[in-house]
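Q:
Numbering (my numbering), first residue to last: 273 to 615.
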């Protein structure tokens with residue numbers, strides 16, 4: 273098999289814990305709609321299975337350890353209530369990834385040696401399990417800075433401090449800088465060479481985190497130039513990531529692509545609208561620093577994806593809208609280079 277794609281953001285374990293097991297066939301999965309029973313939101317169509325990832329040629333993905341705080345988002349009122357329950361949620365996800373590894377479905381890439389070996393095998397071709405690089409999305413599962421070595425020992429090499437706001441930093445829709453605990457965690461991340469994922473970070477927290485000198489990227493964040501929300505990256509934030517040698521992965525949700533898009537109020541966007549984000553980011557920091565961070569099924573179904581995307585392998589259609597000389601880099605080479613240099 274030709275491995276053609278690295279995805280910077282997939283909530284594989286979280287989806288499974290909500291009943292959408294990626295070991296299912298696509299037909300089976302689509303009998304379990306997203307957002308079923310959520311008031312005011314029609315059920316949506318999921319798409320993320322291991323078979324679909326393999327069909328798309330995924331060699332590596334960043335698999336999240338994601339814990340959602342209770343009451344923080346009206347769509348999902350349930351969730352953790354304190355640091356211990358957040359930690360427990362992330363450990364449940366970690367256990368799932370380990371079980372999938374035992375079943376031969378994935379390979380956990382715990383350190384640079386694992387990553388390099390797996391990338392080399394991908395480029396050599398042949399049948400391989402999907403390589404999973406663990407990414408913590410929202411740092412509340414980390415009890416405090418002294419707890420970070422535990423997570424590093426489990427193979428976590430990348431952490432996003434925020435989703436919404438957390439004990440550590442302001443985030444999407446909940447602005448603010450680093451808390452005192454956030455400053456301590458950033459120092460620990462710098463000491464242990466853990467990469468900061470800037471996705472979801474509020475501007476104030478982003479700029480306060482920068483002086484700690486950690487490796488920096490954004491796994492799933494589009495350009496604020498097109499959607500004026502703190503969930504997306506300003507030009508200055510994108511440029512700072514580029515100067516730090518980072519990569520920005522673009523996300524597929526329509527409401528992160530076009531200002532004011534709402535499900536049910538208008539049709540699905542054309543895929544070229546996301547290509548405009550890619551071209552814009554490339555114009556700021558270079559084509560070698562923009563890649564894919566799809567966040568497929570990350571709280572939204574195909575109804576909220578661009579019109580040309582119905583299944584995961586359709587992501588290759590996005591690359592077809594880019595200049596021919598940059599397509600392979602967008603799908604594979606840009607994340608691959610970053611992982612070899614920074615993981």
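Every residue gets a Cβ at the ideal spot worked out from N, C-alpha and C, and that includes glycine.
1) Any heavy atom of the ligand SAH closer than 7 Å to the Cβ of residue 326?
2) Work out the CA separation of residue 504 and residue 594 for me, nearest whole Å.
3) Please classify residue 464: does DSSP put it in a helix, a strand, or coil?
4) Examine the Cβ distances between the segment 598-613 and the segment 505-523 and report whether three or more of them are shorter than 8 Å.
5) So for residue 404, helix, strand or coil by DSSP?
6) For the alpha helix (DSSP H) containing residue 392, list its first residue and its last residue.
7) Helix, strand or coil for residue 557? Go by DSSP, reduced to three states.
8) Out of curiosity, what's the CA-to-CA distance linking residue 411 and residue 290?
9) Is the distance from the Cβ of residue 490 to the Cβ of residue 470 below 8 Å?
10) Using a threshold of 8 Å, state whether the C-beta atoms of residue 535 and residue 578 are closer than that.
11) Under 8 Å between the Cβ atoms of residue 365 and residue 569?
12) What residues in its chain sit with their C-beta under 7 Å from that of residue 582, if we drop five residues either side in the sequence?
13) When DSSP labels each residue in this structure, what does residue 369 get in the three-state scheme?
14) With DSSP as the reference, please indicate the residues paired to residue 279 in a beta bridge.
15) Terminal residues of the continuous beta strand (DSSP E) containing residue 446?
16) Which same chain residues, not among the five before or five after residue 531, have their C-beta less than 6 Å away from its C-beta?
17) Taking the straight line between their C-alpha atoms, what separation do you get for residue 515 and residue 299?
18) Check the C-beta distance from residue 454 over to residue 440 and give it rounded, since I have them as a contact under 8 Å.
19) Residue 325: which of 552, 545 and 280 sits nearest, CA to CA?
20) Give the DSSP bridge partners of residue 341, in chain order.
21) Is there contact here, the segment 585-594 with the segment 356-364, by at least three beta-carbon pairs under 8 Å?
22) Assuming residue 361 contacts residue 339 (C-beta within less than 8 Å), just tell me the rounded distance between them.
23) With DSSP collapsed to three states, give me the class of residue 469.
24) Given a cut-off of 8 Å on the beta-carbon distance, is the pair residue 467 and residue 614 in contact?
25) If we ignore side chains and look at the alpha-carbon of each, how far apart do residue 444 and residue 548 end up?
26) I'd like the ranges of any beta strand (DSSP E) spanning at least 3 consecutive residues and lying wholly in the segment 535-608.
27) Can you say whether residue 566 is buried or exposed, counting buried as having 16 or more other CB atoms within 10 angstroms of its CB?
28) Are the beta-carbon atoms belonging to residue 417 and residue 472 less than 8 Å from one another?
29) Are the CB atoms of residue 333 and residue 431 nearer to each other than 8 Å?
A: With the structure as the only source:
1) With respect to the ligand SAH, the structure shown offers nothing to examine, as it has no ligands at all.
2) If you number the chain shown from 1, residue 594 lands on position 322. If you number the chain shown from 1, residue 504 lands on position 232. Those two C-alpha atoms are separated by around 21 Å.
3) Sequence index remark: in the chain shown, residue 464 carries index 192 (1-based). The answer is helix: DSSP assigns residue 464 an H, G or I state.
4) Because the criterion of three Cβ pairs below 8 Å is met, the segment 598-613 and the segment 505-523 touch.
5) For the purposes of this step, residue 404 is taken as the residue at position 132 of the chain shown. DSSP places residue 404 in strand when its eight states are reduced to three.
6) Indexing the chain shown from 1 puts residue 392 at position 120. Segment 384-396, the alpha helix (DSSP H) holding residue 392.
7) Translated into positions along the chain shown, residue 557 becomes position 285. Looking at residue 557 - three-state DSSP - the assignment turns out to be helix.
8) As a working note, residue 411 is residue 139 in the chain shown. As a working note, residue 290 is residue 18 in the chain shown. CA-CA distance, residue 411 to residue 290, rounds to 20 Å.
9) Counted from its first residue, the chain shown places residue 490 at position 218. Counted from its first residue, the chain shown places residue 470 at position 198. Yes.
10) Residue numbering aside, residue 535 sits at position 263 when the chain shown is read from its first letter. Residue numbering aside, residue 578 sits at position 306 when the chain shown is read from its first letter. Cβ distance not < 8 Å, so residue 535 and residue 578 don't count as in contact.
11) Residue mapping note: residue 365 aligns to position 93 of the chain shown, counting from 1. Residue mapping note: residue 569 aligns to position 297 of the chain shown, counting from 1. For the 8 Å CB-CB criterion, residue 365 and residue 569 do not form a contact.
12) Against the chain shown, residue 582 aligns to sequence position 310. Closer than 7 Å at Cβ, skipping near neighbours: 574.
13) As a first step, residue 369 is located in the chain shown; it is residue number 97 there, counting from the start. DSSP places residue 369 in helix when its eight states are reduced to three.
14) One-based indexing of the chain shown puts residue 279 at position 7. According to DSSP, residue 279 bridges with 333.
15) Position 174 of the chain shown, counting from 1, holds the residue named residue 446. The continuous beta strand (DSSP E) containing residue 446 extends over residues 446-450.
16) Reading the chain shown from its first residue, position 259 is the one you call residue 531. Hits under 6 Å: 499.
17) Locating residue 515 in the chain shown gives position 243, where the first residue counts as 1. Locating residue 299 in the chain shown gives position 27, where the first residue counts as 1. Whole-angstrom Cα-Cα distance: 44 Å.
18) To locate residue 454, count along the chain shown from 1; it is residue 182. To locate residue 440, count along the chain shown from 1; it is residue 168. Right, the Cβ-Cβ distance comes to about 4 Å (below 8 Å), so this counts as a contact.
19) As a working mapping, residue 325 is identified with position 53 in the chain shown. It is 280 whose Cα lies nearest to the Cα of residue 325.
20) The residue labelled residue 341 in the question sits at position 69 within the chain shown. Note: residue 341 sits in a beta bridge opposite 352.
21) no
22) In the chain shown, the residue the question calls residue 361 occupies position 89. In the chain shown, the residue the question calls residue 339 occupies position 67. Indeed, because the Cβ distance is near 4 Å, the residues count as touching under 8 Å.
23) Residue mapping note: residue 469 aligns to position 197 of the chain shown, counting from 1. Reduced to three states, the DSSP call for residue 469 is strand.
24) Here residue 467 is taken as the residue at index 195 of the chain shown, counted from 1. Here residue 614 is taken as the residue at index 342 of the chain shown, counted from 1. Yes, Cβ-Cβ distance for residue 467 and residue 614 is below 8 Å.
25) Position 172 of the chain shown, counted from the first residue, corresponds to residue 444. Position 276 of the chain shown, counted from the first residue, corresponds to residue 548. If you draw a straight line from the Cα of residue 444 to the Cα of residue 548, it comes to about 23 Å.
26) 562-564
27) The residue given as residue 566 occupies position 294 in the chain shown. Answer is buried; the Cβ neighbour count reaches 16.
28) Mapped onto the chain shown, residue 417 falls at position 145. Mapped onto the chain shown, residue 472 falls at position 200. It is not a contact, given that the beta carbons lie outside the stated cut-off.
29) Along the chain shown, one-based indexing puts residue 333 at 61. Along the chain shown, one-based indexing puts residue 431 at 159. Going by beta carbons, residue 333 and residue 431 fall outside the 8 Å limit.
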